[in-house]
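Chemist: Have a look at the structure that comes next, please.
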């Protein structure tokens, strides 16, 4: 009988193009910026929701490509190509921040985006290569091995080296049948199940093609059970914490003017100053660095007038403003103003953006190629006190901090002090008219389901929105317009199972079982029979 040796040659052009296309389709499964035509209403998708089924099909095509007569090295290359295309398409808007507003030459900006995507794709290359080594059949155990490896890759990307988990596959399932799992296992748990669905589909299909009907049947049952699992779980048993009327301000200061003393700074001081003085909502929230100067740099009496405005009465404000000094260092902060405070409440951003808010070691040369102001901040503590107002406890985050649920969870150790609302202030003007706004809103909506909390987003250019605890956008400002968004929000009490175990043990309840599962797969790995190909 002829034997089939594993392929060790590089990835061919046709295969490479297919992998790049599949990766791009996985990126398209995330936040979708365009309303679908009426003929597709049966999909139940609206503008800003995810094409979750594309994620399932795209990743299944990768798994199918890994189950060929290829070596583990070729499998790793395939995983890397797929992931590089997926990640580059997901956060390609970084080009705008580096080139249009950072002044980096276009070729270098493109190269930087591809380099970041390629480096992060190494996690998935390792997962693909290990899967090829560990799983030599099409069993349920092989599907579990792929899901465990994908989970470890997603967690490594989201945690190691400051972490940048933007575009994880779990976000695609916000509008899909797996959304009911979020209050129980969170984003990473849903990413594991989504990867298991993709692996089950690919391996089940290959089993059916090879007339291995027993394996195909078991994998089909696995798929059915996973799709039905969310409907079997009860909804979170949280309660109402009352309502609060809010105003979210969106100044729409162009990013190329924002830090210009003669244009954007003057516009911001005038517009936000007027809105903070005139609006009558119990709580007013501005975006990140809405006031782009330190309090002592503001015009005479400006900061004092704001403090006096909210020193008495029944109104409060959360204002994005940088704080600090040259000697002590600077912080990207939110200042809380309300009656009865001897000193303003403040939140200092904890999770800083590499290159934008802190300079990684050995990379100062790169930041010097760009012209980004306020590019080196001090890190705030974790956790920090909530802003308590009119019966609500508001937990603040800035910019992409809403990406890190494990950090948000530190506020949920105690029912009596857990936040009743989540707030994020951002300036997405750095990314122009791109998918970044839709993806940022999608992240907030998923956090709302994980923690059973409403999420308030105040941004400079969009998407400024109010999201309820069921992830529904109840109020939204039109992007790239200056407006004050008014709405009433219901706070929530109670702690979801996910928030409870994440607050106590971090990501270990997901990490340890995944590692244990891989050890089991390695121990039970079937040996190749003589003459059997490494299919």
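In this note's numbering, the protein residues as written are 1013 to 1547.
Glycine is no exception: its CB is placed at the ideal position from the N, C-alpha and C atoms.
#1: Do you know how far the Cα of residue 1451 is from the Cα of residue 1037?
#2: Just mark residue 1338 as buried or exposed, buried being the case when its beta carbon has 16 or more other beta carbons within 10 Å.
#3: On a Cα-Cα basis, can you pick out the residue from 1298, 1361, 1322 and 1521 that is closest to residue 1495?
#4: Based on the DSSP secondary-structure assignment, which residues constitute the bridge partners of residue 1401?
#5: Using the beta-carbon count (16 or more within 10 Å), is residue 1326 buried or exposed?
#6: Less than 8 Å between the C-beta atoms of residue 1280 and residue 1263, yes or no?
#7: Could you pull the start and end residues of the alpha helix (DSSP H) that residue 1314 belongs to?
#8: Can you give me the Cβ contacts of residue 1121 inside the same chain, cut-off strictly under 7 Å, excluding the 5 residues immediately before and after it?
#9: What are the complete beta strand (DSSP E) segments, minimum 3 residues, inside the stretch 1259–1307?
#10: Where residue 1158 and residue 1530 are concerned, what is the direct C-alpha to C-alpha distance, given to the nearest angstrom?
#11: How long is the line joining the alpha carbons of residue 1027 and residue 1212, rounded to whole angstroms?
#12: By DSSP, does residue 1467 sit in helix, in strand, or in coil?
#13: Using 8 Å as the Cβ pair cut-off and three pairs as the minimum, do the stretch 1502–1521 and the stretch 1237–1254 touch?
#14: Can you list the alpha helix (DSSP H) stretches of 4 or more residues lying completely in the stretch 1112–1190, in chain order?
#15: Using a 10 Å radius around the Cβ and a threshold of 16 neighbouring Cβ atoms, would you call residue 1087 buried or exposed?
#16: I'd like to confirm the pairing. Which residues does DSSP put opposite residue 1337 in its beta bridges?
#17: Going by other Cβ atoms of all chains shown within 10 Å of its Cβ, with 16 needed for buried, is residue 1300 buried or exposed?
#18: So residue 1097 packs on residue 1135, CB below 8 Å; how close in whole Å?
#19: Which same chain residues end up closer than 7 Å to residue 1541 when comparing Cβ atoms and leaving out the 5 residues on each side of it in sequence?
#20: On the DSSP bridge list, what partners appear for residue 1360?
#21: Which of helix, strand or coil does DSSP assign to residue 1455?
#22: The alpha helix (DSSP H) with residue 1413 in it runs from where to where?
#23: Evaluate residue 1312 with the Cβ neighbour count: other Cβ atoms within 10 Å of its Cβ, from every protein chain shown; 16 or more gives buried, anything less gives exposed.
#24: In angstroms with no decimal places, state the Cα-to-Cα distance between residue 1238 and residue 1231.
#25: Considering residue 1243, what are the terminal residues of the alpha helix (DSSP H) in which it resides?
#26: Under 8 Å by Cβ, that's how I've got residue 1259 and residue 1178 pegged, so tell me the actual separation to the nearest angstrom.
#27: If you run the structure through DSSP and keep just helix, strand and coil, what is residue 1032?
#28: Do three or more CB pairs link the stretch 1430–1438 to the stretch 1305–1320 at distances below 8 Å?
#29: Label residue 1344 either buried or exposed according to how many other C-beta atoms from any shown protein chain fall within 10 Å of its C-beta, with 16 as the threshold for buried.
#30: Alpha helix (DSSP H) containing residue 1549: first to last residue?
#31: How would you label residue 1517, buried or exposed, when you count the other beta carbons within 10 angstroms and need 16 or more for buried?
#32: Give the range of the alpha helix (DSSP H) segment to which residue 1417 is assigned.
#33: To the nearest angstrom, how far is the alpha carbon of residue 1194 from that of residue 1224?
#34: Would you tell me roughly how many angstroms separate the C-alpha atoms of residue 1408 and residue 1189, rounded to the nearest one?
#35: How far does the beta strand (DSSP E) with residue 1505 in it reach, from first residue to last?
#36: Restricting to Cα atoms, I'd like to know which of 1196, 1242, 1502 and 1482 is closest to residue 1256.
Modeler: Checking against the coordinates, here is how it stands:
#1: Working through the chain shown from its first residue, we reach residue 1037 at position 25. Working through the chain shown from its first residue, we reach residue 1451 at position 439. Whole-angstrom Cα-Cα distance: 15 Å.
#2: Here residue 1338 refers to the residue found at position 326 of the chain shown. Classification for residue 1338: exposed.
#3: The residue you call residue 1495 lines up with position 483 of the chain shown. Of 1298, 1361, 1322 and 1521, the residue nearest in Cα terms is 1298.
#4: Reading the chain shown from its first residue, position 389 is the one you call residue 1401. DSSP, once it has assigned bridges, lists 1404 as partnering residue 1401.
#5: One-based indexing of the chain shown puts residue 1326 at position 314. Residue 1326 should be labelled exposed.
#6: Taking the first residue of the chain shown as 1, we reach residue 1280 at position 268. Taking the first residue of the chain shown as 1, we reach residue 1263 at position 251. Taking 8 Å as the Cβ cut-off, residue 1280 and residue 1263 qualify as a contacting pair.
#7: Locating residue 1314 in the chain shown gives position 302, where the first residue counts as 1. Unbroken alpha helix (DSSP H) run through residue 1314: 1314–1321.
#8: Taking the first residue of the chain shown as 1, we reach residue 1121 at position 109. Counting only Cβ-Cβ distances below 7 Å, and skipping sequence neighbours, we find 1107, 1110 and 1111.
#9: 1295–1297
#10: For the purposes of this step, residue 1158 is taken as the residue at position 146 of the chain shown. For the purposes of this step, residue 1530 is taken as the residue at position 518 of the chain shown. Cα to Cα, residue 1158 sits roughly 9 Å from residue 1530.
#11: Along the chain shown, read from residue 1 onward, the residue named residue 1027 stands at position 15. Along the chain shown, read from residue 1 onward, the residue named residue 1212 stands at position 200. Computed Cα separation, rounded: 22 Å.
#12: By one-based count along the chain shown, residue 1467 stands at place 455. Residue 1467 falls in the strand class under three-state DSSP.
#13: Yes, the stretch 1502–1521 is in contact with the stretch 1237–1254.
#14: 1118–1146 and 1152–1171
#15: Within the chain shown, the letter at position 75 stands for residue 1087. By the neighbour-count rule (16 or more Cβ atoms within 10 Å), residue 1087 is buried.
#16: As a position in the chain shown, residue 1337 is number 325, starting the count at 1. Residue 1337 pairs with 1341.
#17: For the purposes of this step, residue 1300 is taken as the residue at position 288 of the chain shown. That one is buried.
#18: Working through the chain shown from its first residue, we reach residue 1097 at position 85. Working through the chain shown from its first residue, we reach residue 1135 at position 123. That pair is no contact at about 15 Å.
#19: Indexing the chain shown from 1 puts residue 1541 at position 529. Bear in mind that the predicted position of residue 1541 carries a pLDDT of just 41, short of 50, making it too unreliable to give a figure here.
#20: Within the chain shown, the letter at position 348 stands for residue 1360. Beta-bridge pairing links residue 1360 to 1345.
#21: As a position in the chain shown, residue 1455 is number 443, starting the count at 1. The answer is helix: DSSP assigns residue 1455 an H, G or I state.
#22: Indexing the chain shown from 1 puts residue 1413 at position 401. From DSSP, residue 1413 is part of no alpha helix (DSSP H); its letter is neither H nor E.
#23: Within the chain shown, the letter at position 300 stands for residue 1312. That one is exposed.
#24: For the purposes of this step, residue 1238 is taken as the residue at position 226 of the chain shown. For the purposes of this step, residue 1231 is taken as the residue at position 219 of the chain shown. Taking the straight line from one Cα to the other gives about 11 Å.
#25: Position 231 of the chain shown, counting from 1, holds the residue named residue 1243. That run of the alpha helix (DSSP H) goes 1225–1244.
#26: Sequence index remark: in the chain shown, residue 1259 carries index 247 (1-based). Sequence index remark: in the chain shown, residue 1178 carries index 166 (1-based). Not confirmed; about 29 Å, so no contact.
#27: Here residue 1032 refers to the residue found at position 20 when the chain shown is read from its first residue. Residue 1032 falls in the helix class under three-state DSSP.
#28: Cβ pair count under 8 Å is below three, so no.
#29: Along the chain shown, one-based indexing puts residue 1344 at 332. Buried is the call here.
#30: Residue 1549 falls outside the range modelled here, since the chain spans only 1013 to 1547, and no answer is possible.
#31: Position 505 of the chain shown, counted from the start, is the residue given in the question as residue 1517. It counts as exposed.
#32: Start at 1 with the first residue of the chain shown, and residue 1417 comes out as number 405. Segment 1417–1420, the alpha helix (DSSP H) holding residue 1417.
#33: Position 182 of the chain shown holds residue 1194. Position 212 of the chain shown holds residue 1224. Answer to the nearest angstrom: the Cα atoms are 34 Å apart.
#34: On the chain shown, position 396 is the one that residue 1408 refers to. On the chain shown, position 177 is the one that residue 1189 refers to. Those two C-alpha atoms are separated by around 30 Å.
#35: Stepping through the chain shown from its first residue, residue 1505 is reached at position 493. Its beta strand (DSSP E) spans residues 1495–1505.
#36: As a first step, residue 1256 must be located in the chain shown, where it is residue number 244. With distances taken between Cα atoms, residue 1256 lies closest to 1502.
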